[in-house]
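In the working numbering, the protein residues as written are 2 to 575.
Here a beta-carbon is modelled for each residue, glycine too, at the ideal position from N, C-alpha and C.
Everything below concerns the one structure shown next.
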RNA sequence: CGGGAUGUGGCGCAGUUGGUAGCGCGCGACGUUUGGGACGUCGAUGCCGCAGGUUCAAGUCCUGUCAUCCCGACCA
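Pasting the structure below:
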């Protein structure tokens with residue numbers, strides 16, 4: 002490809018809208034163009050990168066015996082009504098009607114389509130297991146797109162669905178996907194990727210992992226143990242608590258006029274915040290009724306864990322009404338209004354002497370022991386993990402909290418969809434059963450942006466050879482000079498004939514501009530052809546990551562360059 | 001959906017107490033240049049987001065609306 006024929010321009014400045022590095026560079030470098038919020042067109046360089054990522058994914062999917070299929074983007078609402086998600090999913094799913102008044106949806110994920118495709122065909126246990134996948138456009142009407150390609154509304158995704166006759170079999174495939182994903186990330190050049198245990202959210206099912214690329218701009222928070230490798234999304238990370246029982250004390254009611262916050266209580270009693278039983282008030286989404294979480298004063302409530310425990314949606318209480326029976330600022334577990342649900346975090350378990358509210362204006366209790374003064378309660382883990390928390394696996398207090406971008410996920414779905422959509426097969430014993438499903442996704446555009454985010458400098462992206470839009474860029478520093486152009490043109494032609502992907506900057510511009518653009522193209526191997534070099538009978542060859550800078554004699558340069566490309570490609574081989 | 005901000009040429013921006021729009025980059029032509037975003041001369045590009053209103057006069061003031069971005073909520 003000659004730059005003179007390439008559509009797209011490169012900018013000195015990024016639009017002021019761009020805040021994160023990959024977004025800036027991909028706009029500045031002429032990779033993407035925004036059309037609407039979270040909706041982008043890709044220019045040729047970005048399209049080429051996406052295609053390479055897709056092909057690596059294809060190779061790895063095919064390798065684990067997944068077969069590529071294609072589902073429709075537009076599906077009838079009725080199919081989604083079968084699974085129940087037509088109503089359970091909110092406005093993230095785009096819905097519309099056709100000219101006949103039929104309700105349709107835009108595909109945001111394809112479990113329903115996968116079941117639809119397979120359910121009448123895979124009617125015998127002998128036809129299991131099997132895995133299907135597609136690489137296709139999805140539309141999700143995100144409430145808030147952000148960060149260029151990091152979080153968009155329309156995007157290309159590889160989504161795979163596996164079907165099994167037993168949990169063990171699902172787990173086998175799940176493990177193969179896990180390994181395939183690790184290979185995919187290595188091959189596309191994503192470096193800091195960890196798999197974390199995650200919340201299954203609306204997908205349903207039990208076990209799931211998210212593959213996270215660690216970066217400060219990540220939207221997810223992760224708890225990671227550097228000692229034993231335990232890692233989990235903050236949403237589900239368990240929190241081990243070192244509880245010190247302390248001295249047994251008598252329950253005493255103490256006047257605490259106007260002392261409402263943990264801060265103020267700390268000051269008032271002059272004791273550590275770990276000695277308080279903090280009350281956090283939530284409301285159920287369905288009827289706004291209240292529930293109260295009691296947790297140790299130094300900890301925060303993890304709302305996702307709370308939701309998962311309750312099995313329903315809740316939100317932090319907006320206003321606490323008079324008639325609720327809640328005395329804001331003085332809430333405690335003793336003598337709490339019987340109509341209120343209380344949840345006890347396990348951080349309170351076994352502590353002998355706690356300070357808590359007395360459910361009476363301006364009074365607190367001291368010396369409270371839950372078992373003794375409230376009775377037997379179920380302790381649950383709803384605390385948010387914090388830096389330095391105790392690892393639930395190895396028991397060392399070394400948990401670190403990091404940010405990550407989700408660049409893939411794998412779910413064990415169970416029979417949620419096959420049951421709801423009445424997909425059955427006849428088992429060996431002649432009994433009709435619902436197949437067990439797994440699903441597995443990778444966002445292509447997000448992966449591209451993530452690699453850019455992690456592999457760049459202030460001048461532009463540094464694309465790994467495996468996904469670079471072109472493998473070699475030739476910079477003809479003096480295209481008006483016949484001798485120089487003869488060398489550059491010849492090299493371009495020879496390399497292309499040898500199957501090397503070449504971007505040829507044949508423009509008549511000053512070297513400074515050409516180099517600045519080359520940095521934005523981020524192509525791994527750069528070949529500079531200039532009058533100076535030609536006089537010396539050489540071309541100058543360097544890598545974008547600055548690890549190599551050398552000269553090759555003009556005669557034989559093509560072969561040397563081809564070998565260099567092959568060598569660099571080797572690093573990312575499957 | 002809450003909070004904050006911004007809409008002026010392709011990009012970055014300026015535009016005073018209201019007086020009819022400018023700078024830098026980029027773009028075109030010519031010339032001089034040529035190893036990290038050159039210089040000179042000439043030139044093109046604006047429904048000042050949109051719709052109302054106030055005014056002799058609105059980029060500027062008022063009202064509404066749309067769009068985009070950031071923080072949060074949400075998120076397969």
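For residue 362, which beta-bridge partners are listed by DSSP?
Paired residue(s): none; residue 362 is not in a bridge.
3 or more residues per run - each beta strand (DSSP E) lying fully within the segment 286–311:
Fully enclosed beta strand (DSSP E) runs of 3 or longer: 291–297.
Relative to the ligand ZN, is the shortest distance from any of its heavy atoms to the C-beta of residue 180 smaller than 8 Å?
Absence of the ligand ZN is noted for the structure shown, with no ligands found whatsoever.
Let me check one thing: in DSSP terms, what residues is residue 317 bridge-paired to?
283
Checking the sheet assignment: what are the DSSP bridge partners for residue 43?
33
Helix, strand or coil for residue 168 per DSSP?
helix
How about residue 342 and residue 292: do their beta carbons lie closer than 9 Å?
In contact: residue 342 and residue 292 (Cβ atoms closer than 9 Å).
At the level of alpha carbons, what is the spacing between residue 386 and residue 229?
17 Å
Output needed for residue 1: all residues of its chain with C-beta closer than 6 Å, excluding positions within five of it in sequence on either side, in chain order.
In the structure displayed, the chain extends from 2 to 575; residue 1 sits before or after that span and is not available.
Under a three-way DSSP split, which group does residue 435 fall into?
coil
Suppose you measure from the CA of residue 156 to the CA of residue 429; what does that come to, to the nearest Å?
Between residue 156 and residue 429, the C-alpha separation is close to 42 Å.
Where the alpha helix (DSSP H) through residue 196 begins and ends:
From DSSP, residue 196 is part of no alpha helix (DSSP H) but of the beta strand (DSSP E) over 194–198.
According to DSSP, is residue 128 helix, strand or coil?
The answer is helix: DSSP assigns residue 128 an H, G or I state.
Does DSSP put residue 226 in a helix, a strand or coil?
coil
Would you list the one or two residues that DSSP bridges to residue 462?
457
Per-residue DSSP class, three states only, for residue 497:
helix
Do the CB positions of residue 306 and residue 382 come within less than 9 Å of each other?
yes
Going by DSSP, which residues form a beta bridge with residue 8?
DSSP output for residue 8 lists no bridge partner at all.
Measure the beta-carbon distance from residue 531 to residue 479 and round it to whole angstroms, keeping in mind my assumption that it falls under 8 Å.
6 Å
When DSSP labels each residue in this structure, what does residue 525 get in the three-state scheme?
coil
Is residue 34 buried or exposed, if buried means 16 or more other CB atoms sit within 10 Å of its CB?
By the 10 Å Cβ count, residue 34 comes out exposed.
Beta-carbon spacing of residue 161, residue 523 below 9 Å
Result no, Cβ atoms of residue 161 and residue 523 do not sit closer than 9 Å.
On the three-state DSSP scale, how would you describe residue 77?
Strand.
For residue 64, does the count of other Cβ atoms within 10 angstroms reach 16, so buried, or fall short, so exposed?
Exposed, by the Cβ-count rule.
Would you identify the three-state DSSP class for residue 134, choosing helix, strand or coil?
strand
Tell me which residues share the same chain as residue 9 and place their Cβ nearer than 6 Å to its Cβ, disregarding the 5 neighbours each side in the sequence.
31, 44
Residue range of the unbroken alpha helix (DSSP H) whose run includes residue 89:
Per DSSP, residue 89 belongs to the alpha helix (DSSP H) from 86–89.
Candidates 150, 222, 166, of which the one nearest residue 404 by Cα
222
Going by the DSSP bridge assignment, what does residue 534 pair with across the sheet?
Answer is none; residue 534 lacks a bridge partner.
Quick check on the DSSP output: the alpha helix (DSSP H) that includes residue 383 runs from which residue to which?
Residue 383 -> no alpha helix (DSSP H), and no H or E assigned at all.
With H, G and I counted as helix, E and B as strand and the rest as coil, what does DSSP make of residue 490?
helix
Following the continuous beta strand (DSSP E) through residue 104, name the residue where it begins and the one where it ends.
104–107
With distance defined between alpha-carbon atoms, name the residue in 467, 297, 545, 169 nearest to residue 457.
The option with the nearest alpha carbon to residue 457 is 545.
Over what stretch of residues does the alpha helix (DSSP H) that includes residue 118 continue unbroken?
112–119
Counted within 10 angstroms of its Cβ, other Cβ atoms place residue 249 as buried (16 or more) or exposed
exposed
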